[in-house]
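Trainee: Position in the sequence shown (first residue = 1) + 399 = this note's numbering.
If you scroll down you'll find the structure; I have some questions about it.
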Amino acid sequence: MKVLVDTCIWSQSLRRNIDKNNPVVNELIELIKEVRVQMIGPIRQELLSGIRSTTQYENLKNHLSVFLDLMITTQDYEKAAEYYNLARKDGIQGSNADFLICSISNRYNMPIFTDDKDFELFKNILPIELYQIRKISE
């Protein structure tokens with residue numbers, strides 16, 4: 400099954416000083432090896448935004464180019480707005496990007512790999528699944 404990887408997971412994996420014992424980073428590496436990682440344009444944009452060095456920007460853009468963007472439709476944006484309104488009625492706040500991720504995840508029936516705690520709240524009211532890091536058998 401493919402997995403939609405959130406910006407916060409990518410960010411941990413793209414740091415200069417990567418913690419080789421970080422289970423999040425190791426899981427993303429495994430998902431990449433298994434060709435299970437999915438990307439969307441808004442996450443790509445977040446990852447590429449704010450990079451001061453043109454060289455670093457180009458390098459990251461090239462590395463990310465192997466991950467094709469899932470198609471986002473008008474219906475995805477409309478469903479994201481519906482999710483936003485539903486969450487707001489329950490007193491739950493989130494960003495437009497977060498609800499778009501939820502919408503796309505639902506349409507493609509794909510879990511979201513994130514450590515953003517807001518998604519724990521979202522999953523209680525929205526039809527989404529969160530990806531769980533696999534346990535390493537010893």
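Idealized CB from N, CA, C, for every residue including glycine.
The model shown is predicted, which means the values in this text are computed figures rather than measured ones.
Note down the Cα distance separating Leu525 from Tyr482, rounded to an integer number of angstroms.
Mentor: Here the question's residue 525 lines up with position 126 in the sequence shown. Here the question's residue 482 lines up with position 83 in the sequence shown. Roughly 7 Å between the two C-alpha positions.
Trainee: Using a 10 Å radius around the Cβ and a threshold of 16 neighbouring Cβ atoms, would you call Gly493 buried or exposed?
Mentor: Start at 1 with the first residue of the sequence shown, and residue 493 comes out as number 94. Its Cβ being crowded by 16 or more others within 10 Å, Gly493 is buried.
Trainee: Cutting at 6 Å between CB atoms, please list the residues of its own chain near Phe498, excluding the five before and the five after it.
Mentor: Stepping through the sequence shown from its first residue, residue 498 is reached at position 99. Closer than 6 Å at Cβ, skipping near neighbours: Ala479, Tyr482, Tyr483.
Trainee: Just tell me which of Gly440, Arg443, Pro510 has its CA closest to the CA of Glu528.
Mentor: To locate residue 528, count along the sequence shown from 1; it is residue 129. When only C-alpha atoms are compared, the closest one is Pro510.
Trainee: Where does Leu403 land, buried or exposed, given buried means 16+ other C-beta within 10 angstroms?
Mentor: Start at 1 with the first residue of the sequence shown, and residue 403 comes out as number 4. Buried is the call here.
Trainee: How far does the alpha helix (DSSP H) with Val423 in it reach, from first residue to last?
Mentor: The residue you call residue 423 lines up with position 24 of the sequence shown. Note, Val423: alpha helix (DSSP H), 422–432.
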